[in-house]
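Numbered according to the working numbering, the sequence shown spans residues 430 to 789. Ideal Cβ placement from N, Cα and C applies to all residues, glycine included. Since the model is a prediction, treat every value here as computed from it, not as a measurement. Worksheet: the structure to be examined is printed underneath.
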Amino acid sequence: MEPMAALAGKFSAAFCLFCILCACAAQAQLSEAPYPPSPVIAGIKFDKSTWVKAAPGSDQFGTTWAADDNLYVAWGDGGGFGGTNKLGRVSLGVARIEGMPPNWRATNVWGGVNPLSRQKPIRGKTSSGVIAIGKAIYLYVVEQDVWTNNRLWVSTDFGLTWKDLGPVFNEPGAAFADPGILQFGRAYAGARDNYVYGYSEKPWADGLALFRVPKERLAERAAYEFFAGLAADGKPLWTKDIAKQKPVFRDPKGTEWGVSCVFHPVLKRYLLCVRHNGDSGEWGLFDAPEPWGPWTTVAYGKDFPEWTYTPDPNGASKNRPAWIHTFPAKWMSPDGKTMWHISDRGDQFNLMKVELILKQ
């Protein structure tokens, strides 16, 4: 029988080897990412014990933080909260989420089961094209079954009534037909400037486009400018001519619809969620000091637990992966480490707590 000290030494060596192998595996996955590791965030942990599901049959769930201190969530193809894939089904609905997880409550406002609004829902979709500015909430609604153009809708009474402001984008390659709008704080508080920024996975198969528009001129197509690369001093170039725009982000494995981005006010970083690799559900979480980069990688592909993104065999709709991932700014902790993750994996609302591992 070996002395305890020898056994302890062997166990310690084996444990160290295991840790090294795990670290190497994680590093190998990060090496497949299109950008180097984040200088600020070492990784992300998902707390499965906090996972709750709601709104079976609905999907997407783009979010924004409104002036009434509630989140507003836009969903598609379902009955929303309290509904199912058939019960209360609408093409596009809006719900209000009150409180802070784990103590939260959702109410359908426009569309779905027992909505507060008496206004008839409309056909169309928006993935992350929802934004609250001041006392208004805006939706970029892409045309149902066409997917190449959109119209802007606005509500000034927190979703009870909506007004069509008219068409905005109808561009070659469907650019910005379903934009992912950059989120800041409550009612757009904490924004870096007077502009609203929005990303598009079109017109490229492996890149993202970026627009900016003065926040008071969202309905004016002529007011939009597009990222056209970086100047010699590293500052962004902007153009009114969309044909001259350039990608603000690249991933050889592809860029899929459902892009979302939020400003993290503690870390002073922009967190960008981008799917890749088709219907696998694989995605990447990237960060940068500016909306245009330079991008670095927090986690990518199989760095994430598979139960957070892969096709769900037990979801409301069998084998639906997560199309969209969001981290609402309202639910970020004061120390910047805790966030809450929303996804539509399985064709339902999924909510769970996550922890950012910060570098020293």
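- For Y738, no beta strand (DSSP E) encloses it, and the DSSP letter there is neither H nor E.
- Taking a 10 Å sphere around the C-beta of M529, we find fewer than 16 other C-beta atoms and assign the residue as exposed.
- According to DSSP, W582 shares a beta bridge with L568, D593.
- If you look at V642, you'll find it in the beta strand (DSSP E) that goes 636-643.
- Each of P718, G505, L701 was checked against the Cα of W712, and the nearest Cα belongs to L701.
- With a threshold of 16 other beta carbon atoms within 10 Å, Q789 falls short and is exposed.
- By a beta-carbon distance limit of 8 Å, P485 does not contact G522. Their separation comes to about 14 Å.
- With respect to I560, V502 sits apart: the two C-beta atoms are not nearer than 8 Å.
- Within the region 493-539, no run of alpha helix (DSSP H) at least 4 residues long lies entirely inside it.
- In this structure, V542 is the residue among A524, P531, V542 with its C-alpha nearest to the C-alpha of N514.
- By the neighbour-count criterion, in which a residue is buried when 16 or more other Cβ atoms sit within 10 angstroms of its Cβ, V575 is exposed.
- Of all alpha-carbon atoms in L611, I753, K766, P531, the one lying nearest the alpha-carbon of S709 is that of I753.
- DSSP links N779 through a beta bridge to K482, S772.
- In this structure, the straight-line span from the alpha carbon of G588 to that of F613 is close to 20 Å.
- A contact is defined here as three or more CB-CB pairs under 8 Å, and the region 480-497 meets this definition with respect to the region 759-775.
- Here the alpha carbons of R534 and A758 stand approximately 17 Å from one another.
- For the set A620, G619, S629, the Cα lying nearest the Cα of A606 is the one of S629.
- By alpha-carbon distance to N779, the top candidate from L666, K554, D497, T755 is T755.
- The beta-bridge partner set that DSSP reports for H693 consists of R698.
- In this structure L714 touches I473 by the C-beta definition: roughly 7 Å separates them, less than 8 Å.
- Put simply, of T536, V691, R650 the residue whose alpha carbon is nearest the alpha carbon of R615 is V691.
- Taking a C-beta distance under 8 Å as the contact criterion, P601 and P643 do not qualify as a contact pair.
- Membership of V559 in the beta strand (DSSP E) is indicated by the continuous run 559-562.
- Beyond the five residues adjoining it in sequence on each side, A603 comes within less than 6 Å, by CB distance, of T577, K631 in the same chain, given in chain order.
- Between I566 and A495, the beta carbon gap of about 6 Å places them in contact (Cβ cut-off 8 Å).
- DSSP links T726 through a beta bridge to P466, F715.
- Segment contact: the region 650-660 against the region 682-691, fewer than three CB-CB distances shorter than 8 Å; contact not assigned.
- Annotation: the continuous beta strand (DSSP E) that includes L611 extends over 609-612.
- The C-alpha of K697 lies about 37 Å from the C-alpha of G511.
- As the crow flies, the alpha-carbon of W724 is around 12 Å from that of L637.
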